[in-house]
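The next block holds one structure in the form of structure tokens; read it before the comments.
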Amino acid sequence: MTEESLGDTFVLVTVPRMYRLVKNQRFGTYQLRLSTTSAGLACHAFTFVSCVEEGG
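Given below as structure tokens:
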């Protein structure tokens, strides 16, 4: 993953596999926007894992 000066983060997809895109430090509500300018890119699976903080 690479980050540009505007705060956008980019992932270079080179092979068909699962990519980890998010690793937040705290439980909360976040927004993830996925977009592409490449023809032929398809997303086939999304996996979301969440847990409640200890004592929460």
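FYI, the working numbering numbers position 27 of the sequence shown as 9, with every residue one higher than the one before it. Beta carbons: idealized from backbone N, C-alpha and C, even for Gly. These figures come from a predicted structure and were not determined experimentally.
#1: Put Phe28 into one of helix, strand or coil per three-state DSSP.
#2: Whose CA, out of Lys5, Tyr12, His26, lies closest to the CA of Arg42?
#3: With the cut-off set at 8 Å, would you say Leu3 and Leu14 are in Cβ contact?
#4: Considering only the alpha carbon of each residue, which of Ser17, Phe30, Thr29 lies closest to Leu(-6)?
#5: Give me, in chain order, the residues of the same chain whose beta-carbon lies closer than 7 Å to that of Arg8; leave out the 5 immediate sequence neighbours on both sides.
Concretely, from the data shown:
#1: The answer is coil: DSSP assigns Phe28 none of H, G, I, E or B.
#2: Outside the modelled stretch of the chain, which goes from -17 to 38, sits residue 42, for which no answer is possible.
#3: Against a cut-off of 8 Å, the Cβ pair of Leu14 and Leu3 comes out as a contact.
#4: Checking every option, the nearest Cα to that of Leu(-6) belongs to Ser17.
#5: Short of 7 Å from the beta carbon of Arg8, and not among the five residues preceding or following it, lies no beta carbon of its own chain.
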